[in-house]
Structure formats: C-alpha cells, structure tokens
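Numbering (our numbering), first residue to last: 3 to 309. This report refers to the structure that appears directly beneath it.
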C-alpha cells in the first residue's frame, strides 16, 4: 500500500484534489475486492422446507421438546422421490453465430452491474466497464461453438442424470448410514414417496404396517452453474445438486423435520469436459448423493442407542 501511495506524490497544489480523488478510488477498489473475496460459499447451503412450502403442515416444537422428537422409537420407513431430477444449465456456454454474439454482447454489457453489490466502489466503476463488457461479450459469443454441439452435450449429461437412479441411491445411503447410527428398525418403501418436487404424500395408511415415522428423501435437481462474468463462450461449470430430507409422523402425517440441502462440486469444468468424461460426471453425482445422505442422517437420527 505504501508503494502505491508513494507514486501519488503531489506535483503541485493545483493537482492535490485530483490525486486525492484517485487515491480514494484506489482504496475503495481494494476494499471492495477484499469484501468480495471474503464472501465465498461453502459446499452446502441448507434451507428449511417451510421457507419453500409455507403451506405444508408442520408441528411447532419448542427447544425443550426437541429431545422428544428424537426419542420416537420403533420402526422407521424410508421413502424416496419417484421422479427424475430436473436437469438444467445456468450461465452455460453461448451458442455461436449471430445469436451467440448478441447474447454475449447483452450479458457482457450488463455484467459489470454485479460490481454494484460491492458498494460505492462498484457503483463508480461499473459504468466505465460496461462498454468493455459489450465488446468482449460480443467477440466471445460470436466465437462460441455451434448451437447443435452445445445441445448434444447438454442432452448427453441430462441422459446420465436420468439413468443414474439418484433417488434410489439416496434412499439406500440414508438406510445404510441410519442403521449404523441408530437402533431403529429401518423399512425401505419402494412404492411410496413424492411424485414431484413439493409433493406431500399421505403416509397415514402405513400405520397398518407398524411404522411410526417416515424419512422422506428426494433429489430435486441437478444444475450446472457457470460463474464467469466475461467468459460466455466456454465458461467453467460447477455441479449443483439439491436434495430434500423430511421426517414425517405417520399417525397424523405431521412433518417433524424438513430441510433442503444444496451440494456444489469442488471441481469446475467446461461443458465439453463434463460431457467428455461420463465417469467423472457420474462420480460427481455419486459424491453429491453420498454427502446429502450424510447431512440428512446427521440432522434426523439421534446417536445410536439413544432411544
């Protein structure tokens, strides 16, 4: 920092105000960069399902009663989603030609507006970067791969998601981990579970089978996220997988617990790289279901033998 300000020596009194303004902008830019660097996101984001589905019935539990929820004993059924996870690409590669150039120009022009979130420094700098983003975005968008190539790669990844059987895999992992952590009897349900994201099945008929509660798990979506501001032609993408875990009391179908977990891969690769490495992509999906299952079990089941 000292070396930076030594270069801003006042040559004359008439220039002091101008140099002080430049120095001030430099300080604001450095502060904004530090602030952005310290706002990273971890591998998991957790959100209550009742923030997503406020109409869902849920029992209100005071802190003193939380132990009572975890003391429910007996047989626990485990159900999984009965639908294919939604697949999407957000911020993916531009498609070449005129449409790609137009898309890149528009996105590049407005990309600097993201700097406004950094505060005053971002607001001051953004207008000067917008013309640059326009040109860079147009060049990159126009040099992007043909639309048919992008669509073929996206279709191949979508097919992998559909054939991965992520719902069954998540259920099996929860049953396995749960059996290691609790003394409950776990019963696998293959004919029950939500038919779509947000579906709330009625589990009360299971009372005849002797189960007291149901653990419901589901993989809602698999999304490739692009985070590059100026790399529209071939951005690096991370894999994001959203999973749901619910604990429902069978007697009255009341939800005792519900959370949404979002897993992000540590590696980021281009669409071509993900599509060109089917084994690597499937391994990433396996890692996602494994970690989501672990989070669900940690949040729902008590320590082994606590019942």
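Note that the Cβ used here is the ideal one computed from N, Cα and C, for glycine as well. Computed from a predicted structure; not experimentally measured.
Expected contact under 8 Å - CB spacing of residue i and residue j to nearest Å
i           : j           : result
residue 82  : residue 210 : That pair is no contact at about 21 Å.
residue 180 : residue 263 : No, residue 180 and residue 263 are not in contact; Cβ-Cβ is about 16 Å, not under 8 Å.
residue 1   : residue 219 : Here the chain comprises residues numbered 3 to 309, so residue 1 is not present and cannot be evaluated.
residue 250 : residue 176 : At roughly 14 Å, the Cβ-Cβ gap does not stay under 8 Å, so residue 250 and residue 176 are not in contact.
residue 294 : residue 243 : 7 Å
residue 155 : residue 277 : 4 Å
residue 222 : residue 245 : 7 Å
Counted within 10 angstroms of its Cβ, other Cβ atoms place residue i as buried (16 or more) or exposed
i           : result
residue 206 : exposed
residue 280 : exposed
residue 267 : buried
residue 165 : exposed
residue 182 : exposed
residue 287 : buried
residue 185 : exposed
residue 161 : exposed
residue 291 : buried
residue 197 : exposed
residue 153 : exposed
residue 236 : buried
residue 87  : buried
residue 95  : buried
residue 261 : buried
residue 150 : exposed
residue 272 : buried
residue 124 : With a pLDDT of 47 at residue 124, under the threshold of 50, the predicted position of this residue should be treated as unreliable, and no value is reported.
residue 247 : buried
residue 192 : exposed
residue 187 : exposed
residue 212 : exposed
residue 228 : buried
For residue i, the three-state DSSP class (helix, strand or coil)
i           : result
residue 198 : coil
residue 212 : coil
residue 161 : helix
residue 191 : coil
residue 293 : helix
residue 285 : helix
residue 68  : Legend: pLDDT at residue 68 = 41, less than 50; position of this residue unreliable, value from coordinates given subsequently. It is helical.
residue 81  : strand
residue 220 : strand
residue 257 : strand
residue 73  : With a pLDDT of 44 at residue 73, under the threshold of 50, the modelled position of this residue cannot be trusted; read the value that follows with caution. DSSP places residue 73 in coil when its eight states are reduced to three.
residue 184 : coil
residue 171 : helix
residue 131 : Here residue 131 scores only 47 on pLDDT, less than 50, and its place in the model should not be relied on; the value that follows carries that caveat. Three-state result, residue 131: helix.
residue 96  : coil
residue 207 : helix
residue 147 : coil
residue 137 : For residue 137, the pLDDT reaches just 49, beneath the cut-off of 50, and the residue's location in the model is therefore unreliable, although a value from the coordinates is still provided. Helix, per DSSP.
Contact with chain B by residue i, beta-carbon distance below 9 Å
i           : result
residue 213 : The structure shown contains no chain B; it is built from a single protein chain.
DSSP beta-bridge partners of residue i
i           : result
residue 299 : Residue 299 is not bridged to any residue.
residue 90  : 225
residue 250 : 216 and 257
residue 271 : 239
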